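**Q** Protein chains in written order, with my numbering: chain A, 633 to 670; chain B, 324 to 551; chain C, 17 to 235; chain D, 789 to 993. C-beta atoms are modelled at their ideal positions from N, C-alpha and C, and glycine is treated no differently. Keep in mind the model is a prediction, meaning the values are calculated, not measured.
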Amino acid sequence: MELGGLGWIVIVNLVIWTGLFLYLLRLGKRVKELEKER
Amino acid sequence: MWRLASNWAAEALAVFAKDWRCEFRTRYALNTLALFAFTTLVVVSASLGPLGTSAARGASVLPVLLWLILLFAGAAGLPRSFVHEEETHTATALRLAATPSALFCGKLAYGLSLVWALELLVAPLFLAMVSLAVRSPGLFVLVLAAGGFGLAAGSTLIAAIIAQAQGRSTLFAVLAFPVLLPLLILVVELTRNAVAGAPAGMALHQLLLYDGTVTIFGLMLFPVVWNP
Amino acid sequence: MKTLLPWLLWVWMAVVIWAAFFYSPLAAGFIGQSSRVLFFHVPLAWTAFVGFLAAAVWSARYLFFGRRLRDDRAAAVAVEVGFVFCVLATVTGALWARIMWGAYWNWDPRQTSIILVLIFYGAYLSLRGAVEDGEKRARLAAVYALLGVVVTPFFFFIVPRITYSLHPDSVINSRGEVDMESRMLQVLLAAFAGNAALFFWIHNLQCRLRALAEGKARP
Amino acid sequence: MSPTDLRFSGVSRRFGHLAVLAGVSGEVSAGQALLVTGANGSGKSTLLRCLAGLLAPDSGEIECREEGRSLDAAERRRRVGMVAPDIAFYEELTVAENLAFFARLRRARPERPAELLERVGLPGDRMAGALSSGMRQRLRWVWALLHRPRLLLLDEPFQNLDRPGETVTRELLEEHLAAGEGLAVIANPSSLEVSRVAARLELGG
Numbered sequence: 633m634e635l636g637g638l639g640w641i642v643i644v645n646l647v648i649w650t651g652l653f654l655y656l657l658r659l660g661k662r663v664k665e666l667e668k669e670r
Numbered sequence: 324m325w326r327l328a329s330n331w332a333a334e335a336l337a338v339f340a341k342d343w344r345c346e347f348r349t350r351y352a353l354n355t356l357a358l359f360a361f362t363t364l365v366v367v368s369a370s371l372g373p374l375g376t377s378a379a380r381g382a383s384v385l386p387v388l389l390w391l392i393l394l395f396a397g398a399a400g401l402p403r404s405f406v407h408e409e410e411t412h413t414a415t416a417l418r419l420a421a422t423p424s425a426l427f428c429g430k431l432a433y434g435l436s437l438v439w440a441l442e443l444l445v446a447p448l449f450l451a452m453v454s455l456a457v458r459s460p461g462l463f464v465l466v467l468a469a470g471g472f473g474l475a476a477g478s479t480l481i482a483a484i485i486a487q488a489q490g491r492s493t494l495f496a497v498l499a500f501p502v503l504l505p506l507l508i509l510v511v512e513l514t515r516n517a518v519a520g521a522p523a524g525m526a527l528h529q530l531l532l533y534d535g536t537v538t539i540f541g542l543m544l545f546p547v548v549w550n551p
Numbered sequence: 017m018k019t020l021l022p023w024l025l026w027v028w029m030a031v032v033i034w035a036a037f038f039y040s041p042l043a044a045g046f047i048g049q050s051s052r053v054l055f056f057h058v059p060l061a062w063t064a065f066v067g068f069l070a071a072a073v074w075s076a077r078y079l080f081f082g083r084r085l086r087d088d089r090a091a092a093v094a095v096e097v098g099f100v101f102c103v104l105a106t107v108t109g110a111l112w113a114r115i116m117w118g119a120y121w122n123w124d125p126r127q128t129s130i131i132l133v134l135i136f137y138g139a140y141l142s143l144r145g146a147v148e149d150g151e152k153r154a155r156l157a158a159v160y161a162l163l164g165v166v167v168t169p170f171f172f173f174i175v176p177r178i179t180y181s182l183h184p185d186s187v188i189n190s191r192g193e194v195d196m197e198s199r200m201l202q203v204l205l206a207a208f209a210g211n212a213a214l215f216f217w218i219h220n221l222q223c224r225l226r227a228l229a230e231g232k233a234r235p
Numbered sequence: 789m790s791p792t793d794l795r796f797s798g799v800s801r802r803f804g805h806l807a808v809l810a811g812v813s814g815e816v817s818a819g820q821a822l823l824v825t826g827a828n829g830s831g832k833s834t835l836l837r838c839l840a841g842l843l844a845p846d847s848g849e850i851e852c853r854e855e856g857r858s859l860d861a862a863e864r865r866r867r868v869g870m871v872a873p874d875i876a877f878y879e880e881l882t883v884a885e886n887l888a889f890f891a892r893l894r895r896a897r898p899e900r901p902a903e904l905l906e907r908v909g910l911p912g913d914r915m916a917g918a919l920s921s922g923m924r925q926r927l928r929w930v931w932a933l934l935h936r937p938r939l940l941l942l943d944e945p946f947q948n949l950d951r952p953g954e955t956v957t958r959e960l961l962e963e964h965l966a967a968g969e970g971l972a973v974i975a976n977p978s979s980l981e982v983s984r985v986a987a988r989l990e991l992g993g
């Protein structure tokens with residue numbers, strides 16, 4: 633892939649963002665489960 | 324007020340005297356520091372080879388090596404002042420008896436005298452072994468003194484922190500080096516200036532500012548580190 | 017409402033990403049599309065910075081206002097999450113540097129500073145790992161976090177002197193003005209707001225998770 | 789000088805997941821002793837360390853009052869004299885040098901160490917590292933009493949002492965309490981016969 637091209641930037645950032653969001657969702661689910669347990 | 328201050332000074336002095344008396348009986352810190360510094364000194368100047376004699380390149384590289392030797396020798400000997408108290412369980416008695424800020428000052432004075440003694444040994448030997456000529460010796464001595472102070476102050480505070488943790492010997496380097504790095508950069512820059520005979524410039528003010536900041540921070544926060 | 021908020025943040029960030037590519041113009045003097053990295057790289061770095069600052073504030077609060085363990089927990093989580101953000105900022109920065117300067121790493125002042133910050137907070141985390149007792153760990157780590165805030169400003173004077181910079185002007189330039197195309201600035205600030213929200217969201221969840229885990233351990 | 793009182797309530801401390809102390813309360817006034825008993829691991833030493841200000845309790849109040857004023861942790865620490873198995877001295881220094889150092893820190897009279905050493909029968913010129921365990925215990929007693937403490941915290945105080953050693957340290961304790969200004973908290977696995985014990989606290993079980 634060409635460096636400096638749009639594709640490169642899109643891919644890197646989408647990886648970061650989806651990663652962070654998936655992490656956030658998983659965390660939220662775990663906290664909710666644990667809080668329900670109490 | 325006056326009595327309070329003189330009591331405080333007497334306490335700090337007592338800690339300093341106690342540390343040196345223990346040191347003279349065992350010679351642990353003096354031996355390790357001196358041997359460590361001397362060995363690295365020989366290794367460095369022997370493996371350096373011709374670079375040491377090339378004045379142009381030497382003037383920029385050699386100050387780095389000098390301060391790295393001092394830094395690592397300090398890291399080998401300085402943390403002991405607090406680690407030993409915790410390891411031999413004398414820290415409990417000291418916690419109940421000493422005023423924290425006076426204790427910090429006593430320990431700092433002890434560390435400082437060790438570092439200055441070390442510099443007195445290492446610096447002339449280093450200059451002779453790598454045949455480095457210093458154009459402004461006054462600045463060179465000043466940098467050694469102020470840099471040594473910063474090294475002792477930072478190390479004393481970090482030593483107090485790691486003495487209460489596990490894995491002390493490696494942890495000291497991990498915690499101390501990021502804190503000492505600005506100091507290291509400044510003293511290397513100033514030592515280069517001293518070697519080249521250039522004026523000290525802003526770096527000297529910044530070095531003194533660093534010394535003052537770390538000392539005041541240590542005096543203020545050491546009680547929190549030392550006591551629960 | 018509460019279940020809606022994460023989706024709102026989702027949409028917000030999606031809009032920001034769209035705007036970064038289609039709304040904002042390209043900045044002058046950058047190779048290809050590379051100036052668009054700005055909208056991802058800069059907010060990450062800012063957010064990490066805010067996180068570390070917040071950690072120092074929580075540490076000070078722990079030490080001097082009540083010694084509550086939840087302040088310590090908040091400081092620890094802020095450093096951990098801030099560390100991740102900081103790593104991401106470093107990586108995006110390095111990728112951009114490869115495009116612009118031809119190498120991933122070239123000891124630019126910014127790169128030097130960010131690696132020093134990473135080392136410092138790495139040391140903070142290893143200190144936490146080396147103390148078992150909760151009260152002691154909180155106390156020692158808080159002092160170290162504050163020491164960082166006192167010592168790191170020195171790099172601000174020193175680092176530019178020992179390295180030379182190719183880094184573009186900060187958003188607020190050396191004359192203290194904001195010098196940026198207004199559409200770019202809008203997207204940048206929106207991205208920062210999204211990042212900060214994301215940071216504090218993760219922070220909040222992690223703190224609750226840890227409080228629950230600690231409560232569970234107690235019989 | 790006015791007498792010192794100590795009161796603590798709901799003191800809890802855990803180490804990791806292990807709750808060593810769970811909500812312990814008690815009270816002692818000047819001239820009295822509190823006797824704390826309990827099996828090994830019941831938290832006697834932990835309680836004493838909390839009272840001395842060497843360990844922060846997770847929850848609970850420790851209040852030390854003098855002239856109707858309550859003291860902060862640093863002031864309390866200054867009034868503590870402690871005999872405990874984990875108190876050690878500088879092995880490279882002689883007994884007299886150790887005590888001179890601590891007398892300096894404690895602002896005690898310079899003659900005080902020698903007087904106490906003579907009472908307990910301990911040679912001042914012996915290296916602290918070369919003491920037997922019974923002599924070490926006597927040194928701990930001398931160290932604890934250097935500055936005429938208000939709060940005397942004794943953790944297994946007669947451990948390793950021979951008959952004369954126990955007699956003289958019991959006398960010292962009696963004198964400390966008889967002066968009516970300070971108090972004592974005594975922790976021991978089994979019950980002890982000590983005069984002026986006003987309250988007993990059984991930990992664990």
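Among B:G400, B:Y433, B:M452, which has the Cα closest to the Cα of B:A553?
**A** This structure does not reach residue 553 of chain B, given that chain B is present from 324 up to 551, and the question cannot be answered.
**Q** Any contact of the stretch 53-64 of chain C with the stretch 99-118 of chain C, i.e. 3+ C-beta pairs under 8 angstroms?
**A** With a cut-off of 8 angstroms on Cβ pairs, the stretch 53-64 of chain C is in contact with the stretch 99-118 of chain C, counting three or more such pairs.
**Q** Can you find a CB in chain D that lies within less than 7 angstroms of the CB of B:R403?
**A** For the purposes of this step, residue 403 of chain B is taken as the residue at position 80 of the second sequence. No, B:R403 lies away from the interface with chain D (no Cβ there is under 7 angstroms from its Cβ).
**Q** Would you kindly work out how many angstroms separate the C-alpha atoms of D:E849 and D:G869, rounded to a whole number?
**A** On the fourth sequence, residue 849 of chain D is found 61 positions in, with the first residue counted as 1. On the fourth sequence, residue 869 of chain D is found 81 positions in, with the first residue counted as 1. C-alpha separation (whole angstroms): 20 angstroms.
**Q** Closest to B:F449 by CA distance: which of B:T536, B:G520, B:T413, B:A369 is it?
**A** Taking the second sequence and counting its residues from 1, one reaches residue 449 of chain B at position 126. Ranking the options by Cα distance to B:F449, first place goes to B:A369.
**Q** Starting from D:I875, find everything on chain B with Cβ-Cβ shorter than 8 angstroms and list it in chain order.
**A** What you label residue 875 of chain D is simply residue 87 of the fourth sequence in a count that begins at 1. The answer, in chain order, is H412, T415, A416.
**Q** By Cβ distance below 8 angstroms, which residues in the same chain neighbour C:L111 in space, the five residues on each side in sequence not counted?
**A** In the third sequence, counting from the first residue as 1, residue 111 of chain C sits at position 95. Answer for C:L111: V53, Y120, listed in chain order.
**Q** For B:N516, which beta-bridge partners are listed by DSSP?
**A** As a first step, residue 516 of chain B must be located in the second sequence, where it is residue number 193. BP columns for B:N516 are empty, so no partner.
**Q** Any idea what DSSP makes of B:G541, helix, strand or coil?
**A** Mapped onto the second sequence, residue 541 of chain B falls at position 218. DSSP places B:G541 in helix when its eight states are reduced to three.
**Q** Run through chain D and tell me which residues come within less than 7 angstroms of C:D149, C-beta to C-beta.
**A** If you number the third sequence from 1, residue 149 of chain C lands on position 133. Near C:D149 (Cβ distances below 7 angstroms), the residues of chain D are F803.
**Q** With D:A872 and D:I974 assumed to form a contact (beta carbons below 8 angstroms), what rounded beta-carbon distance in angstroms separates them?
**A** As a position in the fourth sequence, residue 872 of chain D is number 84, starting the count at 1. As a position in the fourth sequence, residue 974 of chain D is number 186, starting the count at 1. Not really, about 11 angstroms apart at Cβ, beyond 8 angstroms.
**Q** So, B:G541 versus B:L480, is the Cβ gap smaller than 7 angstroms?
**A** By 1-based counting over the second sequence, the position of residue 541 of chain B is 218. By 1-based counting over the second sequence, the position of residue 480 of chain B is 157. The answer is yes: Cβ separation under 7 angstroms.
**Q** Taking only runs of the alpha helix (DSSP H) that begin and end inside the stretch 375-403 of chain B, which ones reach a length of at least 4 residues, in chain order?
**A** 378-400
**Q** Taking contact to mean 3 or more Cβ pairs, one atom from each stretch, closer than 8 angstroms, check whether the stretch 795-813 of chain D and the stretch 952-960 of chain D are in contact.
**A** no
**Q** Return the CA-CA distance between B:F339 and B:A476, expressed in angstroms with no decimal places.
**A** Within the second sequence, the letter at position 16 stands for residue 339 of chain B. Within the second sequence, the letter at position 153 stands for residue 476 of chain B. Annotation: B:F339 to B:A476 spans about 14 angstroms, alpha carbon to alpha carbon.
**Q** Mind checking whether D:L893 and B:A483 have CB atoms under 7 angstroms apart?
**A** As a position in the fourth sequence, residue 893 of chain D is number 105, starting the count at 1. As a position in the second sequence, residue 483 of chain B is number 160, starting the count at 1. The answer is no: Cβ separation not under 7 angstroms.
**Q** Starting from the C-beta of C:E151, find all residues in its chain whose C-beta is less than 6 angstroms away, skip the five residues before and the five after it, and write them out in chain order.
**A** Stepping through the third sequence from its first residue, residue 151 of chain C is reached at position 135. Hits under 6 angstroms: none found.
**Q** Which of the three DSSP states, helix, strand or coil, is assigned to B:A495?
**A** Position 172 of the second sequence, counted from the start, is the residue given in the question as residue 495 of chain B. Before going on, a small fix: residue 495 of chain B reads as Phe here, not Ala. Of the three classes helix, strand and coil, the one that applies to B:F495 here is helix, per DSSP.
**Q** So who's on the other strand from D:V973, going by DSSP bridges?
**A** By one-based count along the fourth sequence, residue 973 of chain D stands at place 185. According to DSSP, D:V973 bridges with D:L822, D:L941.
**Q** Is D:L949 helix, strand or coil when you go by DSSP?
**A** The residue given as residue 949 of chain D occupies position 161 in the fourth sequence. Three-state result, D:L949: coil.
**Q** Which runs of the alpha helix (DSSP H) at least 4 residues long sit entirely within the stretch 419-499 of chain B? Give them in chain order.
**A** 423-452, 460-485
**Q** Measure the CB-CB distance between C:A64 and C:S75 and report whether it falls below 7 angstroms.
**A** Taking the third sequence and counting its residues from 1, the one referred to as residue 64 of chain C is at position 48. Taking the third sequence and counting its residues from 1, the one referred to as residue 75 of chain C is at position 59. Not a contact, by the Cβ cut-off of 7 angstroms.
**Q** Can you tell me which of D:G856, D:A844, D:E855, D:R853 puts its alpha carbon nearest to the alpha carbon of C:L79?
**A** For the purposes of this step, residue 79 of chain C is identified with residue 63 of the third sequence, where counting begins at 1. The residue with the shortest Cα to Cα distance from C:L79 is D:A844.
**Q** So, do the stretch 647-660 of chain A and the stretch 218-232 of chain C have three or more beta carbon pairs nearer to each other than 8 angstroms?
**A** The stretch 647-660 of chain A and the stretch 218-232 of chain C touch, with no fewer than 3 CB-CB distances between them shorter than 8 angstroms.
**Q** Go ahead and pull the three-state DSSP assignment for A:M633.
**A** Walking along the first sequence from the start, residue 633 of chain A turns up at place 1. A caution first: A:M633 carries a pLDDT of 47, below 50, which makes its placement in the model too unreliable to give a value.
**Q** For B:G381 and B:S454, what's the separation of their Cα atoms in angstroms?
**A** Residue mapping note: residue 381 of chain B aligns to position 58 of the second sequence, counting from 1. Residue mapping note: residue 454 of chain B aligns to position 131 of the second sequence, counting from 1. About 9 angstroms.
**Q** Provide the residue span of the beta strand (DSSP E) that contains D:D793, from first to last.
**A** The residue given as residue 793 of chain D occupies position 5 in the fourth sequence. Note, D:D793: beta strand (DSSP E), 792-803.
**Q** With DSSP run on the structure shown, which of helix, strand or coil describes D:F988?
**A** Residue 988 of chain D sits at position 200 when you count from the first residue of the fourth sequence. What sits at residue 988 of chain D in the sequence shown is Arg, not Phe. Note: D:R988 maps to strand in three-state DSSP.
**Q** Less than 8 angstroms between the CB atoms is what I'm expecting for C:L225 and A:L656, so what's the real figure, rounded?
**A** Indexing the third sequence from 1 puts residue 225 of chain C at position 209. Indexing the first sequence from 1 puts residue 656 of chain A at position 24. Not confirmed; about 12 angstroms, so no contact.
**Q** How many angstroms separate the CA atom of C:S50 from the CA atom of B:L503?
**A** Position 34 of the third sequence, counting from 1, holds the residue named residue 50 of chain C. Position 180 of the second sequence, counting from 1, holds the residue named residue 503 of chain B. About 36 angstroms.
**Q** Relative to chain B, which residues along the stretch 881-901 of chain D have a C-beta separation below 8 angstroms, given in chain order?
**A** Cβ proximity to chain B below 8 angstroms picks out L881, E885, F889, F890, R892, L893, R894, R895 from the stretch 881-901 of chain D.
**Q** Helix, strand or coil for C:I47 per DSSP?
**A** The residue labelled residue 47 of chain C in the question sits at position 31 within the third sequence. Reduced to three states, the DSSP call for C:I47 is coil.
**Q** Anyone know if the C-beta pair for C:F171 and C:S129 falls short of 7 angstroms?
**A** As a first step, residue 171 of chain C must be located in the third sequence, where it is residue number 155. As a first step, residue 129 of chain C must be located in the third sequence, where it is residue number 113. Contact flag set, yes.
**Q** Judging by CA-CA distance, which residue of C:L42, C:P176, C:V32, C:G164 is the nearest neighbour of C:V73?
**A** Sequence index remark: in the third sequence, residue 73 of chain C carries index 57 (1-based). Ranked by Cα distance from C:V73, the options C:L42, C:P176, C:V32, C:G164 are led by C:G164.
**Q** Just the Cα atoms here: how many angstroms apart are B:A360 and B:R348?
**A** For the purposes of this step, residue 360 of chain B is taken as the residue at position 37 of the second sequence. For the purposes of this step, residue 348 of chain B is taken as the residue at position 25 of the second sequence. One C-alpha to the other measures close to 21 angstroms.
**Q** Applying a beta-carbon distance threshold of less than 7 angstroms, which residues of chain C neighbour A:V647?
**A** The residue you call residue 647 of chain A lines up with position 15 of the first sequence. The contacting residues do not exist; A:V647 stays about 10 angstroms from chain C at best.
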